[in-house]
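Heads up, the sequence shown stops at 1684 in this note's numbering, and the numbers go up one at a time, no gaps.
Even for Gly, the Cβ is constructed at its ideal location relative to N, Cα and C.
This report concerns only the one structure given below.
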Amino acid sequence: MNPCTRALLLGLGLAVSGLAEATATGRLFVTNEKDGTVSVIDGTTLTVEATVKVGNMPRGIGISPDGKQVYVALGQDNAIAVLDPQTLTIIGRLSPGDDPEAFAVHPVSGHLYISNEEDAKATVLDPVSGKVVAEIEVGLEPEGVAISPDGSRAIVTSESTNMLHVISIPEHELVANILVGSRPRAATFSADGRFAFATAEIGGEVKKVDMSTHEILKVTALGDDEAKPKDVLLSRDGSKLYVAAGRAAEVVVLDPTTLGVLHHIPVGKRVWGLALSRDGSRLFTTDGGSDTVSVIDTAKDVVVATIPVGKAPWGVVIDD
1365 MNPCTRALLL
1375 GLGLAVSGLA
1385 EATATGRLFV
1395 TNEKDGTVSV
1405 IDGTTLTVEA
1415 TVKVGNMPRG
1425 IGISPDGKQV
1435 YVALGQDNAI
1445 AVLDPQTLTI
1455 IGRLSPGDDP
1465 EAFAVHPVSG
1475 HLYISNEEDA
1485 KATVLDPVSG
1495 KVVAEIEVGL
1505 EPEGVAISPD
1515 GSRAIVTSES
1525 TNMLHVISIP
1535 EHELVANILV
1545 GSRPRAATFS
1555 ADGRFAFATA
1565 EIGGEVKKVD
1575 MSTHEILKVT
1585 ALGDDEAKPK
1595 DVLLSRDGSK
1605 LYVAAGRAAE
1615 VVVLDPTTLG
1625 VLHHIPVGKR
1635 VWGLALSRDG
1645 SRLFTTDGGS
1655 DTVSVIDTAK
1665 DVVVATIPVG
1675 KAPWGVVIDD
């Protein structure tokens, strides 16, 4: 546990003695939407070491703050599978409500903030007790979920309402609805929480939002009819914004200050999910139309390896 997290826990009056971290495995976990599996990739050799059957339509994936559980959203099963990253066995199933698609793990409490696509709501689930902590009504077809680094706010994107919904934590109150481009899919926060960045799939856009005023500051169109952006994240030093451009089969690298385009990195077809190594040296993409994961050297912004995985990879998380 890093010192900042420990200090925050103590400040909230939460015990830390039972939250010892597991030894990181260095593995990547990739959900394969169309074959109901998770591909497990050795982070050193960049080869698939195991394929785990998890259930029907696995999409969103995340890891607990202590590294002891990997969570997998199973849309058709109305469940979240819990996978042990050490033994690669399913150790539990959680009930998150209907049609869970994407979620984010709170960095302190470990609660799961889940988008329930069919119910137009976000569910907050305690994975330890298995109990629902809160349900928040949001727009139609919620999908992407992001939590600020300090854990005080969550964003849920609603595809059909074209909004970012800002939720306060721990009050779990809806504090803002921000109208953005057509079909927003994912969002991420800056390290200081001052800004958020969101993709609009149909609009082919990326937007930068001031999180104190909830105003849109900048908009960039990716400029390619095939660009249907989904996932988005910042480099560890905050100097680059990576955007998975969907059918354009590339990662677009933006300047997070200006949203100007810095680079185009060709990857596999229908690039969807993104994950960054802890040291920031490697970016991993799920290429749903190619059944591959691309490995990008972030110093050079070039692909250095391509890894075959299961059918229609969707999400990726790293246990490092």
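Only counting runs of 3 or more residues, tell me where the beta strand (DSSP E) segments fall wholly within the stretch 1396-1484, in order along the chain. If you keep only unbroken beta strand (DSSP E) runs of at least 3 residues inside the stretch 1396-1484, you get 1401-1405, 1412-1417, 1422-1427, 1434-1438, 1443-1447, 1454-1458, 1464-1469 and 1476-1480.
D1651 - containing beta strand (DSSP E), residue span: Here residue 1651 is taken as the residue at index 287 of the sequence shown, counted from 1. Taken as a continuous stretch (DSSP letters only), the beta strand (DSSP E) holding D1651 covers R1646 to D1651.
Leaving out five residues before and five after T1411 in sequence, what residues of the same chain have Cβ atoms less than 8 Å from its Cβ? For the purposes of this step, residue 1411 is identified with residue 47 of the sequence shown, where counting begins at 1. For T1411, where only same-chain residues beyond five positions count, the Cβ hits under 8 Å are I1405 and I1671.
Quick check on DSSP: helix, strand or coil for R1547? Start at 1 with the first residue of the sequence shown, and residue 1547 comes out as number 183. Coil at R1547, not helix or strand.
First and last residue of the beta strand (DSSP E) that includes S1532? What you label residue 1532 is simply residue 168 of the sequence shown in a count that begins at 1. From DSSP, the beta strand (DSSP E) with S1532 extends over M1527 to S1532.
When the distance is taken between beta carbons, is G1568 closer than 8 Å to L1586? Stepping through the sequence shown from its first residue, residue 1586 is reached at position 222. Stepping through the sequence shown from its first residue, residue 1568 is reached at position 204. Yes, Cβ-Cβ distance for L1586 and G1568 is below 8 Å.
Residue(s) in a DSSP beta bridge with S1696: The structure shown does not extend to residue 1696, since the chain is modelled only from 1365 through 1684, so no value can be given for it.
Could you please give me the residues that DSSP links to L1605 through a beta bridge? Working through the sequence shown from its first residue, we reach residue 1605 at position 241. According to DSSP, which records beta bridges pairwise, L1605 is partnered with L1598 and L1618.
Compare the Cα-Cα distances from P1513 to each of R1549, T1409, L1598 and K1572 and report the closest residue. As a position in the sequence shown, residue 1513 is number 149, starting the count at 1. That would be L1598, whose Cα lies nearest to the Cα of P1513.
Counted within 10 angstroms of its Cβ, other Cβ atoms place E1590 as buried (16 or more) or exposed: Reading the sequence shown from its first residue, position 226 is the one you call residue 1590. Classification for E1590: exposed.
Identify which residue in D1643, A1510 and Y1477 has its Cα closest to the Cα of G1407. For the purposes of this step, residue 1407 is taken as the residue at position 43 of the sequence shown. Looking at the Cα atoms, D1643 is the closest of the given residues.
Is it buried or exposed, V1607, if we count other Cβ atoms within 10 angstroms and call 16 or more buried? By 1-based counting over the sequence shown, the position of residue 1607 is 243. It is buried - the Cβ of V1607 has at least 16 other Cβ atoms within 10 Å.
Among residues of its own chain, excluding the 5 on either side of L1376, which ones have a beta-carbon nearer than 8 Å to its beta-carbon? In the sequence shown, counting from the first residue as 1, residue 1376 sits at position 12. Confidence is the limiting factor: at L1376 the pLDDT is only 42, short of 50, which leaves the residue's position unreliable and the question unanswerable from this model.
With a threshold of 8 Å, are at least 3 pairs of Cβ atoms found where one atom belongs to the stretch 1476-1483 and the other to the stretch 1412-1421? No, they do not touch.
Do the stretch 1573-1580 and the stretch 1612-1627 meet, that is, are 3 or more Cβ pairs less than 8 Å apart? Short answer: they don't touch.
Classification of S1546 by the beta-carbon crowding that lies within 10 angstroms, buried from 16 upward: Position 182 of the sequence shown, counted from the first residue, corresponds to residue 1546. Result: exposed.
Does the stretch 1619-1633 come within contact of the stretch 1643-1658, defined as at least 3 CB pairs closer than 8 Å? Flag = yes, the stretch 1619-1633 and the stretch 1643-1658 touch.
Endpoints, the beta strand (DSSP E) within which E1499 is located: Reading the sequence shown from its first residue, position 135 is the one you call residue 1499. First-last of the beta strand (DSSP E) with E1499: V1496 to E1501.
In this structure, does DSSP put P1677 in helix, strand or coil? The sequence position of residue 1677 within the sequence shown is 313, counting from 1. The answer is strand: DSSP assigns P1677 an E or B state.
From the DSSP output, in three-state form, read off Q1540 for me. For the purposes of this step, residue 1540 is taken as the residue at position 176 of the sequence shown. Looking at the sequence provided, one finds Ala at residue 1540 rather than Gln. Strand at A1540.
Closest Cα partner of P1548 within the set V1596, V1681, R1611 and K1417: Against the sequence shown, residue 1548 aligns to sequence position 184. Checking every option, the nearest Cα to that of P1548 belongs to V1596.
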